[in-house]
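Novice: Quick one: structure below, then a few questions.
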Amino acid sequence: MDFTEKLRLHGKVEEDLYFARLDKQLIDAMHDKQRREEQVHLQGKDEQTEHPFFSHEHE
-3 MDFTEKLRLH GKVEEDLYFA RLDKQLIDAM HDKQRREEQV HLQGKDEQTE HPFFSHEHE
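Residue 48 in the numbering used here is what sits at position 52 of the sequence shown, and the numbering runs on without skipping anything.
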């Protein structure tokens, strides 16, 4: 393997690492968003069950 091949491979490794980090950040952001949306959804369900219309006290 000559010097230019080593430089090319080194550049490819750096590029691969950069995109791997970027992918991880994007995946983490997607998971965070999904968790927030699930919490909002669950909070909405809690608010519905606390609403007087949905309570069984008026029966």
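Glycine included, each C-beta is placed from N, C-alpha and C at the ideal position. Please read these numbers as outputs of a predicted model, since none were measured by experiment.
I need the straight-line Cα distance from GLY40 to HIS27, nearest angstrom please.
Specialist: As a working mapping, residue 40 is identified with position 44 in the sequence shown. As a working mapping, residue 27 is identified with position 31 in the sequence shown. Approximately 20 Å between the Cα atoms of the pair.
Novice: So for ASP(-2), helix, strand or coil by DSSP?
Specialist: Translated into positions along the sequence shown, residue -2 becomes position 2. In this structure, ASP(-2) counts as coil in the three-state DSSP scheme.
Novice: If you drop the 5 nearest sequence neighbours on each side, which residues of the same chain put their C-beta closer than 8 Å to that of LEU22?
Specialist: Residue 22 sits at position 26 when you count from the first residue of the sequence shown. There are no such residues.
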